[in-house]
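**Student:** Per the numbering used here, the very first residue in the sequence shown carries number 1; after that it's consecutive.
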Amino acid sequence: MTAASYPLSGGCTCRAVRFEMQSAPLYVHCCHCTWCQRESGAAFALNAMIESDRVRLLEGEVEVVDTPSHSGRGQKIARCPRCRIALWSNYAGAGDSVRFVRVGALDTPDALPPDIHIFTASKQRWVSLPAGANAVSEYYKASEHWPADSLDPRRALQKK
Ligand SMILES: [Zn+2]
Ligand SMILES: [Zn+2]
1 MTAASYPLSG GCTCRAVRFE MQSAPLYVHC CHCTWCQRES GAAFALNAMI
51 ESDRVRLLEG EVEVVDTPSH SGRGQKIARC PRCRIALWSN YAGAGDSVRF
101 VRVGALDTPD ALPPDIHIFT ASKQRWVSLP AGANAVSEYY KASEHWPADS
151 LDPRRALQKK
């Protein structure tokens, strides 16, 4: 899916929390919903979905903050307890087994470009997607978009 080499390391701004993604993500979302815009303070959020057990803490601990979400079912945002930077989320929909790692928190944030743009209905008008980009106006079914390797039942994930 990407040419990145693993593990990919990352962390918060004060460097109290360091982590690594031990394998390639299942799928990378660029989310243009207004909730992600508010939470990031930017035009979109870039999240790499990966099995929780493939994310290893190298230093520090995270503080998990219950936060409302677009779906109404909530998300748990893992933050550095000192600088409060967000490192990943678990959403109610995908459960605790999948983390949505903030790609911008990686040391090489350009290693994981988006596999899909979601909620483009609320995309800011100045953001132009590359020609041919995989994009949906709201959400999508994993079975219709994810590569076979990510859908492999041996990866043992709950999917919609
Ligand atoms: Zn920190
Ligand atoms: Zn979003």
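Note that the Cβ used here is the ideal one computed from N, Cα and C, for glycine as well. Computed from a predicted model, the values in this text were never measured in an experiment.
Check for me: the beta strand (DSSP E) holding Cys30 runs from which residue to which?
**Tutor:** Cys30 -> beta strand (DSSP E) spans 27-31.
**Student:** Can you list, in chain order, the stretches of the beta strand (DSSP E) that have 3 or more residues and sit fully within the segment 95-138?
**Tutor:** 98-102, 116-118
**Student:** Mapping DSSP to helix, strand and coil, what is Trp88?
**Tutor:** strand
**Student:** If I measure Cβ to Cβ from Val55 and keep anything under 8 Å in the same chain, skipping five residues before and after, which residues do I get?
**Tutor:** Counting only residues of its own chain and dropping the five nearest sequence neighbours on each side, Val55 has a CB closer than 8 Å to the CB of Phe19, Glu20, Met21, Gln22, Trp88, Arg99, Val101.
**Student:** Let's test the definition: count the other Cβ atoms within 10 Å of the Cβ of Leu46 and tell me whether it reaches 16, buried, or not, exposed.
**Tutor:** buried
**Student:** Are the CB atoms of Val17 and Pro81 within a distance shorter than 9 Å?
**Tutor:** yes
**Student:** Mapping the DSSP letters down to three states, classify Thr67 as helix, strand or coil.
**Tutor:** strand
**Student:** What does the alpha-carbon distance come out to for the pair Leu106 and Ala4?
**Tutor:** 12 Å
**Student:** State yes or no: is the C-beta of His70 nearer than 8 Å to some heavy atom of ligand 2?
**Tutor:** yes
**Student:** Taking its Cβ as the centre, do 16 or more other Cβ atoms sit within 10 Å of Asp115, making it buried, or is it exposed?
**Tutor:** buried
**Student:** Taking the alpha carbon of Phe119 as the reference point, which residue from Cys31, Cys12, Ala142 has its own alpha carbon closest?
**Tutor:** Cys31
**Student:** Could you give the residue range of the beta strand (DSSP E) that holds Arg79?
**Tutor:** 75-79
**Student:** If the criterion is Cβ atoms closer than 9 Å, does the pair Leu57 and Ser9 meet it?
**Tutor:** no
**Student:** Using only the alpha-carbon positions, how far apart do Cys36 and Arg79 sit?
**Tutor:** 16 Å
**Student:** Assuming Ala142 contacts Leu151 (C-beta within less than 8 Å), just tell me the rounded distance between them.
**Tutor:** Indeed they touch by this definition, with Cβ atoms about 7 Å apart.
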